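Numbering (our numbering), first residue to last: 24 to 568.
Notes follow the structure.
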Amino acid sequence: MNNKIVIATLFFCVTGQLLFAQRDTTKKQTIDITSTYKPVLRNSVKVNFSASNLAADTTKVVGPYSIPAQNLFYTYQPVSLKPLALAQDSALALGMRNYLKAGFGNFSTPYVSAGFSFGDGKTVLANLYADYISSKGNIKNQDHSLLNIKGSGSYFTARNEAYGGVTLKQEDNYLYGYDHLTHNYAKADVLQRFQDVSIRGGFRNKDKNETGINYNPNVEISVFSNQNRLTESSLVIDAPVEKTFNDVFSVRVAAKADITSYTTKGFIPNNIKINNNIFQLSPELIYAKEFLTIHGGVSPAWDNGKLSVLPNIYGEAQIKDKSFMVQAGLVGRFIKNSYRNLSAVNPYLGIITSQQNTKETELYGGIKTSVGKHFNFSAKAGIITFNNLPFYINDTATDYKSFRVVNESKVTDLRIHADMSFISQDKFTINGGLTFNGYTGMRNNAKAWGTIPLEITASMRWWAFKQVMLKSDFKAFTGGPYLLKNNVQKTLSGAADLSAGIEFAINKNFSAWLDVNNIFNSKYERWHNYQVYGLNVLGGVIYKF
Numbered sequence: 024m025n026n027k028i029v030i031a032t033l034f035f036c037v038t039g040q041l042l043f044a045q046r047d048t049t050k051k052q053t054i055d056i057t058s059t060y061k062p063v064l065r066n067s068v069k070v071n072f073s074a075s076n077l078a079a080d081t082t083k084v085v086g087p088y089s090i091p092a093q094n095l096f097y098t099y100q101p102v103s104l105k106p107l108a109l110a111q112d113s114a115l116a117l118g119m120r121n122y123l124k125a126g127f128g129n130f131s132t133p134y135v136s137a138g139f140s141f142g143d144g145k146t147v148l149a150n151l152y153a154d155y156i157s158s159k160g161n162i163k164n165q166d167h168s169l170l171n172i173k174g175s176g177s178y179f180t181a182r183n184e185a186y187g188g189v190t191l192k193q194e195d196n197y198l199y200g201y202d203h204l205t206h207n208y209a210k211a212d213v214l215q216r217f218q219d220v221s222i223r224g225g226f227r228n229k230d231k232n233e234t235g236i237n238y239n240p241n242v243e244i245s246v247f248s249n250q251n252r253l254t255e256s257s258l259v260i261d262a263p264v265e266k267t268f269n270d271v272f273s274v275r276v277a278a279k280a281d282i283t284s285y286t287t288k289g290f291i292p293n294n295i296k297i298n299n300n301i302f303q304l305s306p307e308l309i310y311a312k313e314f315l316t317i318h319g320g321v322s323p324a325w326d327n328g329k330l331s332v333l334p335n336i337y338g339e340a341q342i343k344d345k346s347f348m349v350q351a352g353l354v355g356r357f358i359k360n361s362y363r364n365l366s367a368v369n370p371y372l373g374i375i376t377s378q379q380n381t382k383e384t385e386l387y388g389g390i391k392t393s394v395g396k397h398f399n400f401s402a403k404a405g406i407i408t409f410n411n412l413p414f415y416i417n418d419t420a421t422d423y424k425s426f427r428v429v430n431e432s433k434v435t436d437l438r439i440h441a442d443m444s445f446i447s448q449d450k451f452t453i454n455g456g457l458t459f460n461g462y463t464g465m466r467n468n469a470k471a472w473g474t475i476p477l478e479i480t481a482s483m484r485w486w487a488f489k490q491v492m493l494k495s496d497f498k499a500f501t502g503g504p505y506l507l508k509n510n511v512q513k514t515l516s517g518a519a520d521l522s523a524g525i526e527f528a529i530n531k532n533f534s535a536w537l538d539v540n541n542i543f544n545s546k547y548e549r550w551h552n553y554q555v556y557g558l559n560v561l562g563g564v565i566y567k568f
């Protein structure tokens, strides 16, 4: 037992000594780092948030209002046919203030047109225009010439404008509508030379003033003559004034005096002197809202001392949110039948021995509309009552070469008019119009002599390229009735007149142009015995500076 204790004690002693001997008594290796760096927290940075771009909204926005088409051209206005049947086209605007246009064509036709502009356009503005054209037809004495000089100017102040103008015009027509197998007139014997000198001026406000009154008094003096046959002088004074009370109501009053004196020269058996005067006062009340406009008033007028009260009631209503407008009215007016105005309708008019002014009363209704962005249309129908309407018949008592006026005391006219236009910016435009006149209920004449029952007009302007413009004009009408000796009634044939032209801009200053008129070469007659020229070709150049 003791031996076992001794052996165990020795075992533990030896084992402990071995374990102690296995310990690593060497010193551990260390690295000492010496530094002056002092850790510091970095300042915080402001975070900028940037959102991504929104996706574009491609849906079409329909506003609660309609914007009318922004047309750059006025609707086509037909003009009366002249013996040449030549529509004189104005030069294209190339950004210059002055131009000179010249050309030549068949029928020995020289053509010159010029325009000059002066002033800064802010304080003073003046314009001067001149035109000349003449032609010689294939029929003896079928000649025509026209010289027209016109000057106008304006002087502007802060609120007003003083304006005026002068016109000098001479037109030579020859009465070639006689039987050339029976008569042999010298050129001087059939000359009908119209000379017209007019001066006009006025004064108007440019902008609305504090009182809400707009004014435009103006006056025109003219002297018109048929060389060695007659002289007619006229004085026209017009003084319109308008007072605006608010955004809805306004009052307009216009006073007008039209005074004419007519005297013949060398008329057998005695010379004729006529005084023809019209005085008129036109008050009206105007009601204007966003979709409705109404004008209401009456116009007392004194026609050579005889009082007539003319209606002046008309209005327009637009359907809300639609480019559709309805118009209606009952209006009246006097048409001054001076020799100057009558000869503008028929240039082959002879001496007149009386002047009776036409009273016109019209009851009408119509529509106006726009389709899309480019198409405009309007139509109107009315019943017109004329008192003292002039008709034109050949002077059957002599040789037919001149016309005389026959008066119709009362006649009713059913008039239907429609026009349309298609306009694409300033690059392309088409205009067209149709007018129908149906005269009934005449008391003094069997038919409406010298009138046109149906007339169709059209016009096209197209900038095909940047420097090239193409154009075309068309006019067609049905023939009107005319009267021969022994009360023989006949009707003129209808006609169609087509013209076309081109203008090419060579550079900034020069352009070349070519017009072809009466392409169908139709020898139609607007007035009996007065045949127009046939195919007419005219070309030349334009200089802008």
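By construction, the Cβ of each residue, glycine as well, lies at the ideal position given by its N, Cα and C atoms.
Since we're looking at a predicted model, the values are computed, not measured.
Would you decide whether residue i is buried or exposed? Buried here means 16 or more other CB atoms lie within 10 Å of its CB.
i: THR480; result: buried
i: VAL21; result: Nothing about residue 21 can be read from this structure; the chain reaches only from 24 to 568.
i: SER248; result: buried
i: VAL213; result: buried
i: ARG549; result: buried
i: LEU506; result: buried
i: GLU431; result: buried
i: VAL434; result: buried
i: LYS329; result: exposed
i: PRO323; result: exposed
i: ARG363; result: buried
When you compare the CB positions of residue i and residue j, do they come within less than 7 Å of one another, or not?
i: ILE309; j: SER256; result: no
i: ILE390; j: ALA402; result: yes
i: ASN559; j: ASN532; result: no
i: ASN411; j: GLN379; result: yes
i: PHE571; j: PHE398; result: The displayed coordinates of the chain run from 24 to 568. Any statement about residue 571 would go beyond what the structure contains.
i: PHE632; j: ASN121; result: Residue 632 is absent from the model: the chain starts at 24 and stops at 568.
i: GLN341; j: PHE314; result: yes
i: GLY524; j: LYS498; result: no
i: SER482; j: ALA518; result: no
i: LYS513; j: THR419; result: no
i: PHE130; j: SER158; result: yes
i: TYR423; j: ASN510; result: no
i: ILE301; j: PHE357; result: yes
i: ASP281; j: VAL264; result: no
i: GLY126; j: GLY562; result: yes
i: PRO240; j: ALA262; result: yes
i: ASN460; j: ASP496; result: no
i: PHE179; j: THR132; result: no
For the alpha helix (DSSP H) holding residue i, just list the boundary residues, first then last.
i: ARG280; result: A quick correction: the sequence has Ala, not Arg, at residue 280. Premise fails: ALA280 lies in the beta strand (DSSP E), 272-287, not in any alpha helix (DSSP H).
i: ASP365; result: Checking the sequence shown, residue 365 turns out to be Leu, not Asp. Element bounds for LEU365: 362-368.
Can you list, in chain order, the residues of its chain whose CB lies under 8 Å from that of residue i, leaving out five sequence neighbours each side?
i: ASN251; result: LYS288 and GLY289
i: VAL70; result: Low confidence applies to VAL70: its pLDDT is 48, below 50, so where it sits in the model is not reliable, and the reading given next is rough at best. Nothing listed; no residue qualifies.
i: LYS343; result: PHE314
Here's a check: name, in chain order, each residue in its chain whose Cβ is nearer than 6 Å to the Cβ of residue i, leaving out the five neighbours to either side.
i: TYR186; result: SER177 and GLY225
i: GLY320; result: PRO306, GLU307 and ASN335
i: ARG223; result: GLY188 and GLU243
i: MET443; result: PHE400 and GLY455
i: ILE236; result: LYS266
i: VAL332; result: VAL321 and PRO323
i: GLN165; result: TYR199
i: ILE475; result: PHE500 and GLY503
Between which two residues does the beta strand (DSSP E) carrying residue i extend?
i: ASP202; result: Taken as a continuous stretch (DSSP letters only), ASP202 belongs to no beta strand (DSSP E), as it is neither H nor E.
i: PRO334; result: 329-341
i: TYR186; result: 183-197
i: ASN228; result: 214-228
i: PHE414; result: 398-417
i: THR392; result: 381-394
Among residues of its own chain, excluding the 5 on either side of residue i, which ones have a beta-carbon nearer than 7 Å to its beta-carbon?
i: ASN360; result: GLN378, GLN379, ASN380, THR381 and PRO413
i: ASN468; result: PHE414, VAL429 and GLU431
i: LEU191; result: ILE172 and VAL220
i: ASN228; result: ARG182, ASN183, ASN237 and TYR238
Does any residue of chain C have a CB that is nearer than 7 Å to the CB of residue i?
i: THR287; result: The structure shown has no chain C; it contains just one protein chain.
Exercise for the section: Would you list, in sequence order, the uninterrupted beta strand (DSSP E) runs of no fewer than 3 residues that lie entirely inside the region 501-548? Expected result: Fully enclosed beta strand (DSSP E) runs of 3 or longer: 504-506, 512-514, 518-528 and 533-540.
Handout entry: 3 or more residues per run - each beta strand (DSSP E) lying fully within the region 117-166
Key = The region 117-166 is shown to contain whole beta strand (DSSP E) runs of 3 or more residues at 122-128, 132-141 and 147-159, in chain order.
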